[in-house]
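Below: one structure, written as structure tokens.
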């Protein structure tokens, strides 16, 4: 039979974990938890950025459709159009769903030749086809975000006439 002190020592040595084992396991679990939370935060942030880009893209396409509808219904093609020449009340009125902090603008029109190349800039060179870059600017913390779209507009043919 073993003495009592020897029996206690053998029981004590096999029961439970040491302090170092517990600290190592807590450290490993903490690192794993931080990694999971960082991944979740990145996922939320990228989802928010994607939502804002999608919304801005939809609004700039609505802006392009409003200009197209304006040109189709009124035929008010502007030769050598300057910046914001098509930002008339008829166009801006179609953007009623646009939030107030969104600012629609467009660049000066670049006249095009029939092949899509830029026409000469001497006085104007507008032959009835223009390339316009639309922009929708949204002020945000840390600066503004701009969503852009390039469209081509053409002069409508009059009724009873043939287009060249």
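Numbering (the working numbering), first residue to last: 14 to 177.
Positions of the beta carbon are idealized from the N, C-alpha and C atoms, including for glycine.
The structure presented is a predicted model; accordingly, all values stated were derived computationally and were not measured.
- Measuring C-alpha to C-alpha distances from residue 110 to each of 124, 74, 157, 31 identifies 74 as the nearest.
- In this structure, residue 104 places its C-beta atom within 9 Å of the C-beta atom of residue 79.
- Looking from the CA of residue 90, the closest CA among 153, 149, 145 belongs to 145.
- Pairing residue 41 with residue 67, the inter-Cα distance amounts to about 39 Å.
- The beta-carbon separation of residue 76 and residue 149, rounded to 6 Å, stays under the 8 Å limit for a contact.
- Shown here, residue 48 sits in a helix according to DSSP, grouped into three states.
- In the three-state DSSP reduction, residue 142 falls in the strand class (E or B).
- The beta carbon of residue 162 lies closer than 7 Å to those of 73, 74, 77, 147 in the same chain, with the five residues before and after it left out.
- Within the DSSP secondary-structure output, residue 152 pairs in a beta bridge with 157.
- In the three-state reduction of the DSSP assignment, residue 89 falls in the coil class.
- Spatial neighbours of residue 107 in its own chain (CB-CB distance under 7 Å, excluding positions within 5 residues in sequence) are listed in chain order as 79, 82.
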